[in-house]
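J.: These protein sequences, in sequence, are chains D and X.
Add 449 to the 1-based position in the first sequence for this note's numbering, that's all there is to it.
Add 19 to the 1-based position in the second sequence for this note's numbering, that's all there is to it.
Handing you this structure, nothing more for now.
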Amino acid sequence: ETGVTQTPRHLVMGMTNKKSLKCEQHLGHNAMYWYKQSAKKPLELMFVYNFKEQTENNSVPSRFSPECPNSSHLFLHLHTLQPEDSALYLCASSPRFGITGQPQHFGDGTRLSIL
Amino acid sequence: DQQVKQNSPSLSVQEGRISILNCDYTNSMFDYFLWYKKYPAEGPTFLISISSIKDKNEDGRFTVFLNKSAKHLSLHIVPSQPGDSAVYFCAGNQFYFGTGTSLTVIP
């Protein structure tokens, strides 16, 4: 029981498809994050939401579109992805954004494969 | 530019012995370092952290040492147990992660 639930766990899609990743946290946290983990690379921060407002976008291509309707839910909308976008996508949350020593709570990730 | 580096992709240790996982960083402005553990098919879970104003933090079998002059930190696990077999990530502040070290503890 991680407190952060991601669905689906696995997703295979073609380059022209549109799909969405979902993240839900039951921890009462106010900050939520999307990360990308590619093989043999460090976790890359993609987006940060704090109290439902996007505070960070780390030069992520527009084919990735985040949405945060409330502090408990986070979506990542995907469209016209490229093969290099195949990776593990992790969602995380923390009580607040900007506290440097504050651990994040991660979901188990969505393994995305682009055909 | 990778600000946190874990240069050893893997490490094998006998059960009961000490495991030492290393991490180097380049950004002297980091004021916290965190270690996470990740089992296969699960997300990372927080293990232990250290403030940059300290040189050691201990929590049970886990101790993290920080050497600011060398920009180096290490995680010591004593004694190592088979359940410690996982990938360990070092992170600077909240968002700057290393590539991880896969630890295997051999029974």
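All C-beta atoms in this analysis are idealised placements derived from N, C-alpha and C, irrespective of residue type, glycine included.
(1) Chain X partners of Gln551(D), CB-CB under 8 angstroms?
(2) Taking 7 angstroms as the cut-off, is the CB of Val509(D) close to at least one heavy atom of the ligand FAD?
(3) For Gly111(X), which of helix, strand or coil comes out of DSSP?
(4) Anything in chain X within Cβ reach of Leu460(D), meaning under 9 angstroms, just list it in chain order.
(5) Residues of chain D with CB closer than 7 angstroms to the CB of Ser27(X), please, in chain order.
(6) Rounding to the nearest angstrom, what Cα-Cα distance links Tyr107(X) and Thr123(X) in this structure?
(7) Spatial neighbours of Ser514(D) within its chain, please: CB distance less than 7 angstroms, with the 5 preceding and 5 following residues excluded, ordered by chain position.
(8) Would you please state the rounded distance, in angstroms, between the beta carbons of Lys90(X) and Ser121(X)? I believe it to be under 8 angstroms.
(9) Residues of the region 56 to 81 of chain X with a CB closer than 8 angstroms to any CB of chain D: list them in chain order, please.
(10) Among Ser31(X), Asp20(X) and Asp74(X), whose alpha-carbon lies nearest the alpha-carbon of Tyr51(X)?
T.: Taking the coordinates as given:
(1) Listed along the chain, the chain X residues whose CB falls inside 8 angstroms of the CB of Gln551(D) are Gln113.
(2) The ligand FAD is not part of the structure shown, which contains no ligands of any sort.
(3) The three-state reading of DSSP puts Gly111(X) in strand, counting E and B together.
(4) In chain order: nothing, as chain X lies at least about 15 angstroms away.
(5) Neighbours of Ser27(X) on chain D: none; closest Cβ ~13 angstroms, over 7 angstroms.
(6) The straight-line gap from Cα to Cα measures roughly 11 angstroms.
(7) His526.
(8) The Cβ separation is near 23 angstroms, so there is no contact.
(9) Answer set for the region 56 to 81 of chain X: Ala60, Glu61, Gly62, Pro63, Thr64, Phe65, Ser68 and Ser70.
(10) The option with the nearest alpha carbon to Tyr51(X) is Asp74(X).
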